[in-house]
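The numbering of the sequence shown is our numbering, which starts it at 1445 and goes up by one.
Glycine residues also receive a C-beta, built at the ideal position from the N, C-alpha and C atoms.
Please read these numbers as outputs of a predicted model, since none were measured by experiment.
Below is one structure, written out as structure tokens; comments come after it.
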Amino acid sequence: MEVTRLGLTPLKGARHETRQSVSLAGTGAVGDRIFCLVDPATQRCLRTVENPRLLQARVTWDGTSLGVVLPTGSAQDRPRSSGQVLEVDYWGRPVRVEVQDGPWATLFSAHLGREVALVSAPPGQVVYGGAVTLVTRPSLRRLGERVGVPVSGARFRATLELDGPDLPAGAEDTWTGRRLRVGQAEVTVTGPIYRCAVIDLDPETAVRDLTLLKTLAGERPPGAGLAFGVEAEVSVPGQVRTGDAVVLDG
């Protein structure tokens, strides 16, 4: 097997960007989802499924400067701590975040049509499941055949997309508890990823254009959950690049 795509987004819910390399740490891909938007009134982290226009945001972060490009405007600046610390709700889990001063709150508030604040979050704290997620190209191809159009891995926002000449569709479903050597890193698969309606949205325009969730529901036994891909924890930190070999231990 080999790595065919790497991806992350510095802002929770924003467009998942393809990367040529990522550094995997114990909390996941370095720079992944270290910012999020919160509703100051409810002190909740915004959810993409409730705010699909987040997907239209292209966000870059080089460790110093945060860039945002939206259909309604753009900004590039260095985040500055306001000194205000909030405890916000993230899917029922409390997370301490720090409000950042800069142009982004105004920009996103206009785009989303609601007041929001940009906050920084500890690495890995506004991540729904495992630190790292994986999907395979054969599974994507099979799903595409069932809905009649190619399905981009970006819809599933996976850290790692894998492929191999003898890799069958659904192979990743059997990897729970197993370790994969990926480039210089190693990850241990912890279980399936249960999906929501975000996968039905075009990953760039946020237009609902496919019925992937319904298709997954038709393939799973009742009560099994709508899973696609797997999540994993980083066992050995290291650099991963597109084209790196992937070895399944055991």
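Quick one: give me the first and last residue of the beta strand (DSSP E) that residue i is part of.
i: residue 1604; result: 1604-1607
i: residue 1527; result: 1524-1534
i: residue 1636; result: 1629-1638
i: residue 1583; result: No beta strand (DSSP E) contains residue 1583, which is instead part of the alpha helix (DSSP H) from 1581-1591.
i: residue 1611; result: Element bounds for residue 1611: n/a, residue is neither H nor E.
i: residue 1520; result: 1517-1521
i: residue 1512; result: 1510-1514
Between which two residues does the alpha helix (DSSP H) holding residue i run?
i: residue 1554; result: 1548-1556
i: residue 1671; result: Note, residue 1671: premise wrong, no alpha helix (DSSP H); beta strand (DSSP E) at 1671-1680.
i: residue 1599; result: Counting along the chain, residue 1599 falls outside any alpha helix (DSSP H), and DSSP gives it neither H nor E.
i: residue 1654; result: Per DSSP, residue 1654 belongs to no alpha helix (DSSP H) and is neither H nor E.
Residue j and residue i - do their beta-carbons sit closer together than 8 Å?
i: residue 1547; j: residue 1506; result: no
i: residue 1539; j: residue 1576; result: no
i: residue 1574; j: residue 1486; result: no
i: residue 1607; j: residue 1445; result: yes
i: residue 1460; j: residue 1647; result: yes
i: residue 1705; j: residue 1690; result: Residue 1705 falls outside the range modelled here, since the chain spans only 1445 to 1694, and no answer is possible.
i: residue 1500; j: residue 1526; result: no
i: residue 1680; j: residue 1602; result: no
i: residue 1632; j: residue 1598; result: no
Under the three-state reduction of DSSP, which class applies to residue i: helix, strand or coil?
i: residue 1645; result: strand
i: residue 1487; result: coil
i: residue 1504; result: strand
i: residue 1469; result: strand
i: residue 1494; result: coil
i: residue 1662; result: helix
i: residue 1545; result: strand
i: residue 1617; result: helix
Please name the residue or residues paired with residue i in a DSSP beta bridge.
i: residue 1561; result: 1482
i: residue 1452; result: 1461
i: residue 1692; result: 1624
i: residue 1578; result: 1604 and 1674
i: residue 1477; result: DSSP, once it has assigned bridges, lists no residue as partnering residue 1477.
i: residue 1538; result: 1533
* **the region 1584-1597 in contact with the region 1561-1569 per 3-pair CB rule at 8 Å** => When Cβ pairs closer than 8 Å are counted between the two stretches, the region 1584-1597 is seen not to touch the region 1561-1569, the count staying below three.
* **Touching by the beta-carbon criterion (3+ pairs, under 8 Å), the region 1669-1682 and the region 1632-1648** => Yes, since at least three Cβ pairs between the region 1669-1682 and the region 1632-1648 fall closer than 8 Å, the two stretches touch.
* To do: Check whether the region 1571-1580 touches the region 1612-1620, counting contact only when three or more Cβ pairs, one atom from each stretch, lie closer than 8 Å.
  => Taking 8 Å as the limit for Cβ pairs, the verdict is that the region 1612-1620 does touch the region 1571-1580.
* Are the region 1448-1457 and the region 1466-1482 touching by the rule of at least three beta carbon pairs closer than 8 Å? -> A contact exists between the region 1448-1457 and the region 1466-1482.
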